[in-house]
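At position 71 of the sequence shown (counting the first as 1) the number is 71 in full-length UniProt numbering, and the numbers step up by one without a gap. Down below is the structure, laid out as structure tokens.
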Amino acid sequence: MQYICFAPEEGALKGSRLQVKAIISHISRVQITPDTPNLTVVQYARAVALLLLGGTLCPDSLGNLVSLLYLAKLEDIVAARNYSWGCVLAFYYRELYNASTKDKAAIGGVLQLVQSRIIPLCPGLGAPRVHMGQHSIDNNCVLPAAPYGAMWNCERTFTRTVRTTVRVIRDILDEMQYDHLYDMESDVIMAYAGDFNPQLWRSICPLIFYAILEMHHPERVLRQFAMMQNIPDQPDTRDMSLHKITRSNRTGTDWVLQHILYITRWQR
């Protein structure tokens, strides 16, 4: 634990996973000031990044343990900001697949993505906003608007919100028309699309996160980019077996070598 200067108490470490509450407790005890040594600041940043990775971006279905596997990627805290967001999507896609099985009762992954999408897209399922609040002011200056993902972090009403009745939720989804859907972010996406290679943000490519390897298929959701949606091709059955690959009983596996064909495909 030298990377984060932390010695967990007995029972906080479960194999190669650390309890989330132990990391939070450690972070809360560290005081960062202008005079704090740089090494302490870096160790603190690693602990926060570890908590974000294992507790928010890539949490398991229980959400109470964080894999120490991430620490190796945080040794160079400056280089860590260059890592691909695709690993988060890979983990999320795998959790969606696992949650689709009939014996699964919980789901992991970055569920904030689901929240930020379902609220504006499906008014019948999301809780309507009651009050958006005023612009934040600091020293007579208006602060920037909150990130899109925080749009649901305001006062809402749940009087007309479906919560646990699965049959009603299915009926709402079945009866929805195209004009009932509105995507607040599609205009934002299209506004910036011209600044990037369109082949990049519409790329059909593998997303890799250690043992997890999932295919990214934006061609199946073109309507969210205000584009005409054609009938997608049949899924490649060879990709279906990727859902079954896990790190269980695979200690010492070189995942770069294991996924070399897909890594080569991604680099193209």
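The beta-carbon is built from N, C-alpha and C at its ideal position, and this holds for glycine as well.
- Query: So is leucine 65 buried or exposed if we call it buried at 16+ other beta carbons inside 10 Å?
  - Reply: buried
- Message: Taking the straight line between their C-alpha atoms, what separation do you get for glutamine 112 and aspartate 233?
- Response: 29 Å
- Item | Enclosing alpha helix (DSSP H) for serine 67 [first to last residue] | It is not in any alpha helix (DSSP H) - serine 67 instead sits in the beta strand (DSSP E) that spans 65-67.
- Hey, would you say serine 25 sits closer than 8 Å to leucine 68, going by beta carbons? no
- Message: Restricting to Cα atoms, I'd like to know which of Leu57, Thr251, Gly86, Leu62 is closest to isoleucine 263.
- Response: The residue from Leu57, Thr251, Gly86, Leu62 with its alpha-carbon nearest to that of isoleucine 263 is Gly86.
- Task: Decide yes or no for the touch test of the region 41-50 against the region 95-110: beta carbon pairs closer than 8 Å, at least 3 of them.
- Result: Remark: fewer than three beta-carbon pairs, one from each stretch, lie closer than 8 Å, so the region 41-50 and the region 95-110 are not flagged as touching.
- Item | Burial state of isoleucine 4 (16 or more Cβ within 10 Å) | Around the C-beta of isoleucine 4, 16 or more other C-beta atoms lie within 10 Å, and the residue is accordingly described as buried.
- Which term fits tyrosine 83, buried or exposed, when burial requires 16 or more other beta carbons within 10 angstroms of its beta carbon? exposed
- How many Å lie between aspartate 35 and valine 256 at the Cα? Approximately 41 Å, taken between the alpha carbons.
- Query: If we count the other Cβ atoms within 10 Å of its Cβ and call it buried at 16 or more, is leucine 52 buried or exposed?
  - Reply: exposed
- Query: aspartate 101 to threonine 33, Cα distance in whole Å?
  - Reply: According to the sequence provided, residue 101 is threonine. The question's aspartate does not apply to it. If you take the alpha carbons of threonine 101 and threonine 33, they lie about 49 Å apart.
- Which residue spans inside the region 37-66 form an unbroken alpha helix (DSSP H) run of at least 4? 38-52
- From what residue to what residue does the beta strand (DSSP E) around glutamate 175 run? It is not in any beta strand (DSSP E) - glutamate 175 instead sits in the alpha helix (DSSP H) that spans 166-175.
- Item | Alpha-carbon to alpha-carbon, arginine 247 and proline 59 | 15 Å
- So is leucine 18 buried or exposed if we call it buried at 16+ other beta carbons inside 10 Å? buried
- Query: Skipping 5 residues on each side, what residues in its chain have a beta carbon closer than 7 Å to that of valine 88?
  - Reply: Taken in chain order, the residues that qualify are Leu57, Cys58, Val110.
- Pair within 8 Å by beta-carbon distance, isoleucine 212 and alanine 90: yes
- Message: Tell me the rounded alpha-carbon separation between glutamate 214 and arginine 223.
- Response: Spanning the two alpha carbons is a distance of roughly 22 Å.
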